[in-house]
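Asks: The opening position of the sequence shown corresponds to residue 1 in this note's numbering, with each subsequent residue numbered one higher. For every residue, glycine included, the Cβ atom is placed at its ideal position computed from N, Cα and C. Owing to the predicted nature of the structure, the values given are computational and were not obtained by experimental measurement. Have a look at this one.
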Amino acid sequence: MSTREEIQEERKKMRHLRWIVDLTVQLLYQEDVSVPEMLKLVEATKRHVLTLFPDKEFQFELIYRPRFNRIIQERLQSN
């Protein structure tokens, strides 16, 4: 694969990452989602992200886990 192709593939994976994270955020904010379902959703998102970027678990835990946890906390406090 040439450098140009590698860059294009990386951009494609990053767009997909943003899409899956945005979708997860939207689903977490839905009122009809229970806490166990929210936790399962976060874990499913993590598994999906790690299929795109297998060596980036630390980054997921550093960047996305706190974001998802804040949303879950907000939802718990609003109920």
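Under 8 Å, with one C-beta from each stretch per pair, do the region 7-18 and the region 51-67 reach the 3-pair mark?
Replies: Segments in contact, yes.
Asks: Are the beta-carbon atoms of F58 and T24 separated by less than 8 Å?
Replies: Residue mapping note: residue 58 aligns to position 58 of the sequence shown, counting from 1. Residue mapping note: residue 24 aligns to position 24 of the sequence shown, counting from 1. The answer is no: Cβ separation not under 8 Å.
Asks: Is it the case that the Cβ atoms of L27 and I72 are separated by a distance below 8 Å?
Replies: Here residue 27 refers to the residue found at position 27 when the sequence shown is read from its first residue. Here residue 72 refers to the residue found at position 72 when the sequence shown is read from its first residue. No. Outside cutoff.
Asks: Measuring only the C-alpha atoms, how far is Y64 from S2?
Replies: For the purposes of this step, residue 64 is taken as residue 64 along the sequence shown, with counting starting at 1. For the purposes of this step, residue 2 is taken as residue 2 along the sequence shown, with counting starting at 1. Spanning the two alpha carbons is a distance of roughly 31 Å.
Asks: Pop quiz: K40 and F60 are said to be a contact at Cβ under 8 Å. What is the actual Cβ separation, rounded to whole angstroms?
Replies: Numbered from its first residue, the sequence shown carries residue 40 at position 40. Numbered from its first residue, the sequence shown carries residue 60 at position 60. Going by Cβ atoms, the distance from K40 to F60 rounds to 16 Å, so no, they are not a contact pair.
Asks: With a threshold of 8 Å on Cβ separation, who are the neighbours of L76 within its own chain once the five nearest residues in sequence on each side are excluded?
Replies: The residue given as residue 76 occupies position 76 in the sequence shown. V35, listed in sequence order.
Asks: To the nearest angstrom, how far is the alpha carbon of E5 from that of S78?
Replies: Start at 1 with the first residue of the sequence shown, and residue 5 comes out as number 5. Start at 1 with the first residue of the sequence shown, and residue 78 comes out as number 78. The alpha-carbon atoms of E5 and S78 are separated by roughly 46 Å.
Asks: Measuring from the CB of M14, is there a heavy atom of the ligand MG at a distance below 7 Å?
Replies: Ligands are entirely absent from the displayed structure, and the ligand MG is therefore not among its contents.
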